[in-house]
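Worksheet: the structure to be examined is printed underneath.
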Amino acid sequence: MSKYIVVYNGLDNNDGVLVSTQIAIDIDMTKNSAAQFLTILEDNALVHAQELDGNVTRVSVIGIYTLS
Numbered sequence: 000m001s002k003y004i005v006v007y008n009g010l011d012n013n014d015g016v017l018v019s020t021q022i023a024i025d026i027d028m029t030k031n032s033a034a035q036f037l038t039i040l041e042d043n044a045l046v047h048a049q050e051l052d053g054n055v056t057r058v059s060v061i062g063i064y065t066l067s
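In terms of numbering that gives the first Met the number 0, the sequence shown has 4 at position 5, counting the first letter as 1, and numbering is strictly consecutive.
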């Protein structure tokens, strides 16, 4: 398992930024492809953003950082 920090903005339907935050995620890269990795990151970020503000409809990932 590797731990990643995902920095992102949570956007509304008009592309307005409702939240700007980060989330830590543990992912086992030996079991996931690059496409699956990005989907996992985006899905987790969206769920987190919607917990912070229910009007978030999508996320824009700003950065992905690996913790060692």
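For glycine and all other residues, C-beta sits at the position ideal for the given N, C-alpha and C.
Tell me the rounded alpha-carbon separation between residue i and residue j.
i: A48; j: V55; result: 7 Å
i: S1; j: L51; result: 25 Å
i: I63; j: Y3; result: 7 Å
i: A34; j: I24; result: 16 Å
i: T65; j: T38; result: 16 Å
If you count every other CB in all the chains shown that lies within 10 Å of the CB of residue i, and 16 or more means buried, which is it?
i: N8; result: buried
i: V58; result: buried
i: V60; result: exposed
i: L40; result: buried
i: A44; result: buried
What span of residues does the beta strand (DSSP E) with residue i cover, start to end?
i: T65; result: R57 to L66
Does the beta carbon of residue i sit closer than 8 Å to a beta carbon anywhere in chain D?
i: M28; result: Here chain D cannot be found, since the structure has a single protein chain.
Given residue i, which residues of its chain have a CB within under 8 Å of its CB, disregarding the five upstream and five downstream residues?
i: L10; result: V16, L17, V55, T56, R57, V58 and S59
i: F36; result: I26 and M28
i: I22; result: I4, V5, Y7, N43, A44 and H47
Excluding the five sequence neighbours on either side, which residues of its own chain have a C-beta within less than 7 Å of the C-beta of residue i, listed in chain order?
i: K30; result: none
Segments of 4+ residues assigned as alpha helix (DSSP H) that fall wholly inside the segment 11-54: 33-51
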